[in-house]
């Protein structure tokens, strides 16, 4: 009973509910009051939150709600009106703050949504930047691989090394299972397996070039994924595995010259090779975009490297060919120079060796002509002299032609009397023409300058040769020589369009016409007349003598003088006209004394002699020495003969007026002797005149003689009249250099 009294009586249900409401209001109020404290802490710690006043407003709303619940605790019991008033006020304030907060949230929500939108946008941008950075890193990696591959490919210009290096480096960079290169065959109808990475397939395997897959790859400049079962992709032995992805790319073959691999073409344009690349089998790996770009770039680099290699091979082959040609040309040049030197040496030796006996023949014949002879003997001697002179002329012609052909002959330009040249030619030709009873006339135009600048010797030689031919081929009638200044309308020859004369104030063109009434020439034979060693075979000119060199040499002389020469004839028996035009310089009228001294052609001086003239002759050849002595003795000279330079230096004295020395004697330094004689005789009037005897017509000899201090130079052979003329001119002018 006592225990039952201890048990408190149960609350009525309404009271229990009231108690639960009481406790709940208390905890609600406690919670409401704690939330503002947390908001205050949050606002204090957050320096970037943009809506602090909203939080303050929301905090006030919560505080009022809490206050309402707290005041509601006193309403569970009997309460006063004051409590009811306070409760009413709290609820009114709570309602007002609640409405205001709701209205503010309506305004705040769009801003919060925009913030969320910006946040999402920034996240998307960040993701895009991450992708771009990844792409940049991929491109940098691809670029690094491309540079590395390009460096390896460009490190050589050997095409085989380029292609093999490409496969190896691509296989290592992309971790390929196989990589192969197919090249077009010579016919261009097939692709041939030329290089492989693993070398599991024999090189030389071919597939048709018109296969659809191959056409697809060739029609695109990008890397194309192809089926592993394609003929060009069957590079691995059959097995139970899942083949990896395969791509193929074309390689432009810009130039395939000399690319000889089995049946490669020598030259290919607009063709392609095929590069096939395989990923490892039984792997889930796929081709990435940057890997395909890498393959495309490498294919282009290989094409460029192959073109460079081809160009290098072309240039090297061209260089080798050029070197071979240069070697051949150099060899030919050396052989030509050797031949020219040998020819010149031969001509020089033959010139000297032939002129020496000719000197003896002509000199002795001229001496013999001065003796008492029967008419028959005199005819024989004259025949010997004419034949000897003809042979000497032939020797001169051969030497002149040789120097003309090798370009060593140059004109000796100087001022000369043009009228005197024609008079000299007339004086030389008249005796021969008178024998054949030919009348020779000379007509010089009034406007023809008396003096001109040119090569007097070559001009006289040319005119004399033409006039001599006219005399030789004429049996009767007359020969006329006409000379005048050519006008522009008379300069041109329709048969020689290459002759283009140009008039100027400092030059004029001399036109010489030699017309004869001789045997004439067949017009068909005229072009052959200026060919060396060619003779006219017309009936009227057979057995006329001559070597066939005269007109050939004349033509070359005229060409040197920037002129032209030709012959006109209407046919056999109608005579012919030889016409030559040469370019000469205008010269002011000068006194004869101011002209450079040129020796005159030998003339007959009658009995001109030089009694008591002391002459020293140095010649190694005994026959030549005796012949020269005979000429001088016949002219009344006191002659001393020596055969060596030492003897010459020992015997020469101031009593000797002239010293003749042969300068072509081997082993004797004639120029040194000349210098030593100059040293021996310090006074010029005491020194004898030093004259060189030579059979060499080289112009260098003349220059060397003048440089050494010689006073004259004459060419062998020397006749009696020529020796008389030389001594006369030498003693008169104290200088005599025969033109060479």
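Numbering (the UniProt record's numbering), first residue to last: 1 to 740.
Note that the Cβ used here is the ideal one computed from N, Cα and C, for glycine as well.
Bear in mind the structure is a predicted one, so any value in this text is a computation, not a measurement.
I need the boundaries of the alpha helix (DSSP H) containing residue 751, first residue and last residue. Given a span of 1 to 740 for the chain in the structure shown, any question on residue 751 remains unanswerable.
State the DSSP-derived secondary structure class of residue 516, mapped to helix, strand or coil. Collapsing the DSSP output to three states places residue 516 in a strand.
Backbone secondary structure at residue 288 - three-state DSSP: The three-state secondary structure of residue 288, taken from DSSP, is coil.
Please classify residue 125: does DSSP put it in a helix, a strand, or coil? In the three-state reduction of the DSSP assignment, residue 125 falls in the helix class.
Would you identify the three-state DSSP class for residue 410, choosing helix, strand or coil? The three-state secondary structure of residue 410, taken from DSSP, is coil.
For the beta strand (DSSP E) that residue 706 lies in, which residues bound it at each end? Boundaries for residue 706: no beta strand (DSSP E) harbours it, while the alpha helix (DSSP H) harbouring it runs 699-708, taken from the DSSP string.
Where do the ends of the beta strand (DSSP E) carrying residue 479 lie? Taken as a continuous stretch (DSSP letters only), the beta strand (DSSP E) holding residue 479 covers 478-485.
Taking the continuous beta strand (DSSP E) assigned at residue 271, which residues delimit it? Looking at the DSSP string, the run of the beta strand (DSSP E) that includes residue 271 is 271-278.
Residue range of the alpha helix (DSSP H) that residue 627 falls in? That run of the alpha helix (DSSP H) goes 622-634.
Inside the region 204-254 only - beta strand (DSSP E) runs reaching at least 3 residues: List check, beta strand (DSSP E) in window: 206-208, 224-226 and 246-253.
Within the region 707-737, ranges of the beta strand (DSSP E) (whole runs, at least 3 residues): Look at the region 707-737 and you find these whole runs of beta strand (DSSP E), each 3 residues long or longer: 712-715.
Suppose contacts are defined by Cβ-Cβ distances below 7 angstroms. Is residue 212 in contact with residue 271 by that definition? No, these two residues do not count as a Cβ contact at 7 angstroms.
Name the two residues that bound the continuous beta strand (DSSP E) containing residue 568. In the DSSP assignment, residue 568 falls within the unbroken beta strand (DSSP E) covering 564-568.
Going by DSSP, which residues form a beta bridge with residue 585? 453 and 507, per the DSSP bridge assignment.
Residue 301 versus residue 121: straight-line alpha-carbon distance, rounded: Between residue 301 and residue 121, the C-alpha separation is close to 42 angstroms.
Under the rule that 16 or more other beta-carbon atoms within 10 Å means buried, what is residue 346, buried or exposed? Counting Cβ neighbours within 10 Å, residue 346 comes out exposed, since fewer than 16 surround it.
Buried or exposed: residue 219, going by 16 or more other Cβ atoms within 10 Å of its Cβ? Exposed.
Is the CB-CB distance between residue 207 and residue 232 below 7 angstroms? Taking 7 angstroms as the cut-off, the Cβ atoms of residue 207 and residue 232 count as close.
Residue from 296, 324 and 289 whose Cα sits closest to the Cα of residue 275: For residue 275, the nearest C-alpha among the options comes from 296.
Take residue 95 and list the residues in its own chain whose beta-carbon comes closer than 7 angstroms to its own, dropping the five residues that flank it on each side. Answer for residue 95: no residue qualifies.
Three-state secondary structure (DSSP) of residue 175: Reduced to three states, the DSSP call for residue 175 is coil.
With H, G and I counted as helix, E and B as strand and the rest as coil, what does DSSP make of residue 190? In the displayed model, residue 190 falls within a strand according to three-state DSSP.
Find out if the Cβ-Cβ distance for the pair residue 365, residue 395 is shorter than 7 angstroms. No, the Cβ-Cβ distance between residue 365 and residue 395 is not below 7 angstroms.
As assigned by DSSP and simplified to three states, the class of residue 638: Reduced to three states, the DSSP call for residue 638 is strand.
So, is residue 717 buried or exposed, given that buried needs 16 or more other C-beta atoms within 10 angstroms? So residue 717 ends up on the buried side.
Contact set for residue 734: own chain, Cβ-Cβ below 7 angstroms, skip 5 residues either direction: Excluding sequence neighbours, residue 734 sits near 689 and 711.
Answer yes if the region 442-454 comes into contact with the region 467-484, meaning at least three C-beta pairs across the two stretches below 8 angstroms, and no otherwise. These segments touch.
In whole angstroms, what separates the C-alpha of residue 576 from that of residue 722? Their backbone Cα atoms lie some 34 angstroms apart in a straight line.
Compute the Euclidean distance between the alpha carbons of residue 651 and residue 622, then round it to the nearest angstrom. Spanning the two alpha carbons is a distance of roughly 18 angstroms.
Just checking my contact of residue 470 with residue 518 at CB under 8 angstroms: how many whole Å lie between their CB atoms? Between residue 470 and residue 518 a beta carbon distance of about 7 angstroms is seen, short of the 8 angstroms cut, so the two are scored as contacting.
Outcome for residue 564 when other beta-carbon atoms lying within 10 angstroms are tallied against a minimum of 16: Burial is judged here by how many other beta carbons sit within 10 angstroms of a residue's own beta carbon; residue 564 has at least 16 and is buried.
Alpha carbon to alpha carbon, how far is residue 415 from residue 457? Separation of residue 415 and residue 457 (C-alpha to C-alpha, rounded to the nearest whole angstrom) is 12 angstroms.
Need the endpoints of the alpha helix (DSSP H) that residue 674 sits in, please. Here the alpha helix (DSSP H) through residue 674 covers 670-680.
Confirm, please, whether the CB-CB distance from residue 520 to residue 572 is below 7 angstroms. Closer than 7 angstroms, so yes.
First and last residue of the uninterrupted alpha helix (DSSP H) at residue 434: First-last of the alpha helix (DSSP H) with residue 434: 418-435.
In the DSSP assignment, find the unbroken alpha helix (DSSP H) run with residue 555 in it and report its ends. Residues 550-560.
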